[in-house]
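Working notes for the structure below.
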Amino acid sequence: MALICDFRVVGPVQTNCYFLYDEKTKKGVLVDPGDEAEKLLSYIGKKGLQIEAILLTHGHFDHIMAVPELKKELGVPVYVSRVEKEVLEDPMTNLSLQMGGRGICLEADHYLEDGDTITLLGEEVRCILTPGHTVGGMCYYFPKAGILFSGDTLFQESVGRTDFPGGSMKELIRSIREKLFVLASATRVYPGHGFSTSIETEKMFNPFATDGF
Ligand SMILES: [Zn+2]
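This note's numbering applies: residue 11 is where the sequence shown begins, and numbers increase by one.
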């Protein structure tokens, strides 16, 4: 069984929305449908995907704006970390009021704890809480496929901003070093913005990985 990871860039701040799906069964999950629901639905239709779940790495507007429409169309459950519940529900904290053009208040179907394991696409998915960019940022690790969705925690040779409500650079660096850099080094990292990378590359080249920070 081969899982394919594809993406579309959506919205005003170029957010990566990922489609992870089984080539054969066409079953898939959607990560961070941040905007442009039409575009995402058209991709799903064209590929004939059967989406089973929506995973949210965190509650910021640019990762969630298309959720209401997609949930209505697809009727699938939404997962987010429990700690992020308040961000999802508060249009000020999720920045939708200031930056998204309309205030959005979302409820998820499943609130995850750090270390939870969920089964999706026949794989065990490990939920890794990585506070720092927001209070409840959650990374999703598919160990069998060797894939990590890192949200706005870890970027290619960079890290997420920490100047939004609930942000902390100290926490973010700790999350990355203690919880992400311990994963298998060949793991492909798919971030919320920009290019994909690997744990190995980030351990070598990410300026925030060194002891200076
Ligand atoms: Zn964010």
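All C-beta atoms, glycine included, are put in the ideal place defined by N, C-alpha and C.
* Asked: In chain order, what are the residues with a CB under 5 Å from some non-hydrogen atom of ligand 1?
  -> His70, Asp162
* How about the region 166–184 and the region 133–147: do they share at least three Cβ pairs that are nearer than 8 Å? -> yes
* Extent of the continuous alpha helix (DSSP H) to which Leu84 belongs -> Numbered from its first residue, the sequence shown carries residue 84 at position 74. 77–84 is the span of the alpha helix (DSSP H), which, as asked, contains Leu84.
* **Which listed residue (Lys57, His68, Arg136, Leu40) has its alpha carbon closest to that of Asn104** => Here residue 104 refers to the residue found at position 94 of the sequence shown. Nearest option by C-alpha distance: His68.
* Asked: Under the DSSP definition of a beta bridge, which residues are partnered with Met148?
  -> Translated into the one-based positions of the sequence shown, residue 148 becomes position 138. In the DSSP output, where bridge partners are listed per residue, Met148 has Leu139.
* Among the residues of its own chain, which have a CB less than 8 Å from the CB of Arg112, if the five just before and after it don't count? -> For the purposes of this step, residue 112 is taken as residue 102 along the sequence shown, with counting starting at 1. Excluding positions up to five away in sequence, the list reads Ser106.
* Asked: Could you give the distance in angstroms between the alpha-carbon of Glu167 and the alpha-carbon of Phe218?
  -> The sequence position of residue 167 within the sequence shown is 157, counting from 1. The sequence position of residue 218 within the sequence shown is 208, counting from 1. Spanning the two alpha carbons is a distance of roughly 8 Å.
* Are the beta-carbon atoms belonging to Lys189 and Ile138 less than 9 Å from one another? -> On the sequence shown, position 179 is the one that residue 189 refers to. On the sequence shown, position 128 is the one that residue 138 refers to. Yes.
* First and last residue of the uninterrupted beta strand (DSSP E) at Arg18 -> Here residue 18 corresponds to residue number 8 of the sequence shown, with the count starting at 1. 13–20 is the extent of the beta strand (DSSP E) around Arg18.
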